[in-house]
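Remarks on the structure that follows.
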Amino acid sequence: MSDATQNHADLAPSTGAKFRQRTLPILIFVAIILAIPMTDPSRTMLTLIHQMAINIVFALAYNMLLGKGGMLSFGHAVYFGLGGYFCMHVMNWIEEGSGIWGSYPTFFLPVMGFVAGGLAAAVIGSFSCRRAGTTFAMISLGVAELVFSGAFMFDSLFGGEQGINGDRMNGPEVFGLSMGPMQDIYWFMAFWTVVGIVAMYAFTRTPLGRLSEATRDNPQRVQFIGYNPTRVRWLVFTISGAFAGLAGGMSAVNYEIFTPEALSLIPSGFVLIMAYVGGITYFAGPIMGAILLTYMSSMMSDFTEAWLLYLGLMFVIIVMYAPRGIAGIVFGFWDGLRGAQSGEFLKRTLIQLAGCLLMLLGLIVLVEVSIRWSNGWGEVFEPYGMHFGHDSILTWIVIVVPIVAGAAILRYLGREKEEMPA
Amino acid sequence: MTAPALSLKNLSKSFGPAQIINDVNLDIAKGERHAIIGPNGAGKSTLFNLISGLYTPTSGTVSLNGTLISGVPPHEINRMGLSRSFQVSNIFANMTVRENVRCGVLHSLGQGYSFWKSVTSSKAVQEKTFEVLEHCALVDKANTPAALLPYADQRALEIAITIAGGANVILLDEPTAGMSHSETDRAVELIRKSSEGKTLVIVEHDMGVIFDLADRISVLVYGEIIASAPPSEIRGDPKVREAYLGDEALPEETA
Amino acid sequence: METIVFALLNGVIYGLLLFMLSSGLTLIFSMMGVLNFAHASFYMLGAYFAFTISGSTTFWIALFVAPVLVGLVGAVVERYGLRKVHANGHVAELLFTFGLAYLIEEIVKIVYGKTAVDYRIPDLLNFPAFTIYGASFPAYRIFMLFIAIGMLIGLWYLLKKTRAGLIIQAALTHPHMVGHLGHNVPLIFMTVFGIGCAMAGLAGVIAGNIFVTDPAMAVQMGPIVFVVVVVGGIGSLEGAFLASLLIGLIQNFAVGINASFAEIFWFTGLSPTSEIGDITISSLAPVMPFLLLVLMLIFRPRGLMGEQEL
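Chains as they are written, first to last, in full-length UniProt numbering: chain A, 1 to 422; chain B, 1 to 255; chain C, 1 to 310.
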């Protein structure tokens with residue numbers, strides 16, 4: 001062996017670093033998955049976890065496009081939905097036992113979703129990927145509207161308003177799972193989530209994965225290293241669509257129904273928000289975003305009707321003040337703690353947090369009071385036995401004072417930072 | 001006689017009414033180091049864009065080793081063995097130096113658009129990447145994000161990506177622009193070393209670099225080549241002196 | 001015969017309405033590089049503001065005040081929101097406006113409720129303008145036509161005859177040179193964004209009462225306006241104008257055609273009871289713009305009047 005081979009190995013991260021950065025997080029994730037059933041989770045809890053699993057795979061697939069490929073899509077639910085719809089049909093074919101389908105295990109339905117989502121993305125991407133940047137974004141929106149409206153014209157394929165339903169408890173069993181009870185579905189979800197995460201992480205390490213980042217950063221230069229940026233985009237789009245279809249397949253098995261709503265702009269927007277809020281520059285970002293937002297959407301919609309407003313607010317604030325998302329905040333906090341001036345950093349962060357919480361407090365009271373006032377049913381916002389009527393001065397003091405105080409604190413901190421020598 | 005490495009025939013390019021390149025004829029032999037000089041706005045970058053496929057000529061043709069390449073998309077021209085650098089650093093800013101070079105290496109080693117194997121699985125890719133890094137003296141900065149490199153190193157990386165694919169015709173667009181004297185010397189050495197046994201076409205403002213490196217110089221003025229000869233003759237050509245060297249001081253170190 | 005006349009009139013009116021939105025979007029995009037996802041939300045705000053103002057005063061005051069208010073909201077959004085994310089690039093700006101569209105819709109739901117509000121045509125214009133072959137054409141639509149043409153002339157005047165217009169025109173053809181002009185670029189950006197939003201607001205004022213003024217009107221209009229901009233060719237006002245009229249006419253003519261695929265493609269032996277044979281042209285009207293978009297992308301990716309992408 002020459003010197004060069006000795007040396008090129010030195011440039012790569014050490015085995016220890018590789019283990020810490022790549023293998024360890026996956027092992028921890030798997031350990032958590034194995035531990036969850038031991039806590040004997042309730043049905044509600046399981047339902048929530050299954051939705052999280054679907055969203056994790058979907059958000060990661062989406063981030064293949066947005067984070068790694070620099071392609072902003074407003075219509076990625078199309079591939080999720082088409083993948084899911086195809087799985088519903090396969091599920092019904094399995095039940096009828098028609099042809100070879102009779103011996104196809106339901107457990108492997110997401111593979112069919114993967115194929116269908118990938119095919120749909122390959123066809124649609126063949127023209128939509130001709131343009132990049134904001135034009136691509138506009139096109140994705142138009143295509144999504146077309147598919148969504150078109151779905152209502154073909155009832156035999158999409159089932160109209162009612163959608164298509166099926167029964168997952170048919171076909172041969174694998175791994176001893178009848179696919180009936182929630183616990184069986186848990187293992188199904190766990191399996192496909194891990195497969196999805198590992199496969200999508202592996203993708204970032206392939207030549208195409210690297211080229212996708214190169215195309216995001218500098219499409220012109222990519223041409224001069226011998227690659228066609230349009231082709232790179234199309235391939236990435238296809239693979240991303242396939243993984244979205246995989247998530248659709250998971251959803252088909254979980255809910256045993258798909259309606260055209262799944263193709264609409266609403267889930268497309270939600271996956272964008274999940275990935276972005278989680279942090280598109282980190283591989284783990286969309287996973288965090290999916291877990292957090294799935295939790296919020298199921299819990300907060302019980303507490304407040306304005307949950308979509310809070311979601312929008314959170315998104316706008318992240319875009320404006322924390323473009324690296326939750327993952328950026330978490331990792332930034334971690335780095336700050338391990339940095340040289342960790343005491344100073346911690347103090348700053350706590351004051352900042354206090355400022356944010358104050359503003360949030362005022363904002364929540366404002367929104368909750370307004371919403372009840374606007375509904376006009378005479379309902380009053382009464383958290384913890386307090387009474388906030390829209391006609392009482394006290395209410396407006398509770399709204400204005402924290403917002404102003406919080407804003408003042410944040411502004412003061414911002415100023416101080418500017419004055420500090422770099 | 002084999003076909004020239006690069007051959008431009010009656011090449012013209014206009015943007016609307018503005019004729020930027022006007023009936024350029026130029027043959028560059030294999031193994032030649034050819035410099036293109038000319039005042040600002042003469043159309044040097046446009047000429048590079050025409051050769052490398054970024055622009056389609058309004059009329060005329062470009063041939064690479066005897067094959068017609070005008071109208072062929074840039075990535076295919078690149079695969080046929082022509083590579084270029086840019087005047088403004090045009091690197092993959094969010095990647096490390098090593099990843100930048102590795103991207104440049106991929107296609108020449110048959111990695112294609114593959115997504116079924118790891119980028120680290122090919123030993124050839126790793127070795128070639130290291131070789132290029134070593135060649136450009138970037139080994140100790142291999143894991144630095146490209147955006148954080150000092151300017152001179154970014155220019156070196158620009159050259160590294162350009163030569164990584166092993167092209168035998170190399171176009172360099174002002175590789176030493178904005179560099180200090182010592183940095184320029186280092187860059188010239190790198191260019192000399194990288195272009196051994198290859199055809200080099202270079203656009204440059206630094207006359208020292210040009211007269212040092214080039215076997216032949218073409219002078220481009222208002223989109224036309226007014227002279228094309230070895231350095232010694234160019235220096236004495238009255239037409240060149242009048243059009244270019246005469247009315248402008250030797251533009252050393254203009255950015 | 002009256003179907004054709006009415007489809008033509010309605011198509012032109014709807015087309016001009018689309019242009020009121022798409023021209024603002026194009027101006028903002030060409031000047032600032034910002035694709036304003038919330039553009040249709042400003043259209044919605046226009047309708048709601050007009051509803052409130054005309055409720056306490058008259059429609060005629062709303063016609064002038066509501067667009068100005070919408071323009072001011074737009075300027076504030078640019079000054080305190082968009083400018084902050086500008087440094088993070090165009091995708092970040094697009095994401096910001098995407099979030100903004102979300103917020104505006106939710107705030108409208110809270111303030112005005114989730115169902116449609118009763119925003120009506122002013123009594124003064126609530127009569128048939130003319131009658132042909134026994135069918136009458138409402139005067140309000142003629143009024144819309146005049147407003148739209150008036151705005152068109154106003155825009156043309158602004159672009160061709162004023163100094164600001166010259167700068168905007170220069171920026172349309174040479175997007176990178178505005179920065180070198182030494183003009184107060186942030187102020188120009190804020191103004192252009194405000195004017196674009198005000199135009200969308202005006203469209204909302206005159207359209208909200210013949211269509212429906214509800215929180216979904218932005219989501220319905222938004223994608224169509226995007227289609228107009230892509231089909232016309234990004235950054236081209238002429239293209240946006242042509243595409244607006246084209247889509248307006250296509251949609252309105254399609255609505256009037258009840259023929260089904262089975263009748264049109266009778267020679268293929270398509271059964272009228274089959275799913276495809278059963279589809280009528282009129283049922284395709286809502287998806288026409290999107291079909292046009294796909295066809296355009298396949299056959300002419302740069303749009304009607306767009307520049308070739310290098």
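In this text, a Cβ means the ideal position worked out from N, Cα and C, and glycines have one as well.
- In this structure, B:V201 is the residue among B:Y222, B:V201, B:E224 with its C-alpha nearest to the C-alpha of R216 (chain B).
- If you keep only unbroken alpha helix (DSSP H) runs of at least 4 residues inside the region 24–105 of chain B, you get 44–52, 74–79.
- Here V73 (chain C) is buried: its Cβ has 16 or more other Cβ atoms, across all protein chains shown, within 10 Å.
- The CB of E78 (chain C) never comes closer than 9 Å to any CB in chain A; the least such distance is about 13 Å.
- Assignment of beta-bridge partners to R216 (chain B) by DSSP yields B:H34.
- Within the region 187–215 of chain A, the residues whose Cβ lies closer than 8 Å to any Cβ of chain B are, in chain order, A202, F203, R205, T206, P207, L208, G209, R210, L211, E213, A214.
- Any Cβ of chain C closer than 8 Å to the Cβ of S297 (chain A) would place that residue at the interface, and such an atom is absent.
- Assigned with DSSP and collapsed to three states, P25 (chain A) falls in helix.
- Boundaries of the alpha helix (DSSP H) harbouring D217 (chain A): 207–217, taken from the DSSP string.
- Residue environment: Q341 (chain A) is assigned as exposed (fewer than 16 neighbouring CB atoms within 10 Å of its CB, all protein chains considered).
- Residue range 199–203 is occupied by the beta strand (DSSP E) that includes T199 (chain B).
- Counting only Cβ-Cβ distances below 7 Å, E145 (chain A) has contacts in chain C at P223, F290, in chain order.
- Secondary structure note for F303 (chain A): its alpha helix (DSSP H) is the uninterrupted segment 285–303.
- Put simply, the backbone Cα of I276 (chain C) is about 51 Å away from that of N90 (chain B).
- Residues of the region 103–118 of chain B that bring their beta carbon within less than 9 Å of a beta carbon in chain A comprise C103, G104, V105, L106, H107, S108, Q111, G112, Y113, S114, F115, W116, K117, S118, in sequence order.
- Of all residues in the region 36–63 of chain B, the ones placed with a Cβ closer than 9 Å to any Cβ belonging to chain A are S52, G53, L54, in chain order.
- Leaving aside the five residues that flank M52 (chain A) on each side, the residues in its chain whose CB is nearer than 8 Å to its CB run, in chain order, A290, I291, T294, Y295.
- Look at E382 (chain A) here: in three-state DSSP terms it is coil, with no helix or strand label.
- Taking 8 Å as the cut-off, the Cβ atoms of S7 (chain B) and D27 (chain B) count as close.
- Taken through DSSP and simplified to helix, strand or coil, L35 (chain C) comes out as coil.
- Between G154 (chain C) and I163 (chain B), the alpha-carbon positions lie close to 56 Å from each other.
- With three or more CB-CB distances shorter than 8 Å, the region 214–224 of chain A counts as touching the region 74–91 of chain B.
- For A17 (chain A), the uninterrupted alpha helix (DSSP H) segment begins and ends at 15–18.
- A straight line joining the alpha-carbon of L103 (chain C) with that of L311 (chain A) spans about 9 Å.
- For N143 (chain B), there is no enclosing beta strand (DSSP E), as DSSP marks it with neither H nor E.
- L177 (chain A) has A:V174 as its beta-bridge partners, per DSSP.
- Contiguous alpha helix (DSSP H) elements confined to the region 317–400 of chain A occur at 325–338, 342–375, taking only those with 4 or more residues.
- In this structure, DSSP gives K161 (chain C) a helical state, which the three-state scheme calls helix.
- Between the C-alpha atoms of I195 (chain C) and V400 (chain A) there is a straight-line separation of about 32 Å.
- The bridge partners DSSP lists for K9 (chain B) are B:T61.
- For Q21 (chain A), the closest Cβ of chain B is not nearer than 8 Å.
- For E174 (chain B), there are no C-beta contacts with chain A under 9 Å, since the nearest C-beta of that chain is about 16 Å from it.
- Between I161 (chain B) and chain A, the shortest Cβ-Cβ separation is below 8 Å.
- Closest in C-alpha terms to F191 (chain A), from the list A:M300, A:D155, A:I26, comes A:I26.
- Only residues of its own chain outside the window of five on either side were considered, and among them P402 have a CB closer than 6 Å to the CB of L361 (chain A), listed in chain order.
- Closer than 8 Å to the CB of R155 (chain B) there is not a single CB belonging to chain A.
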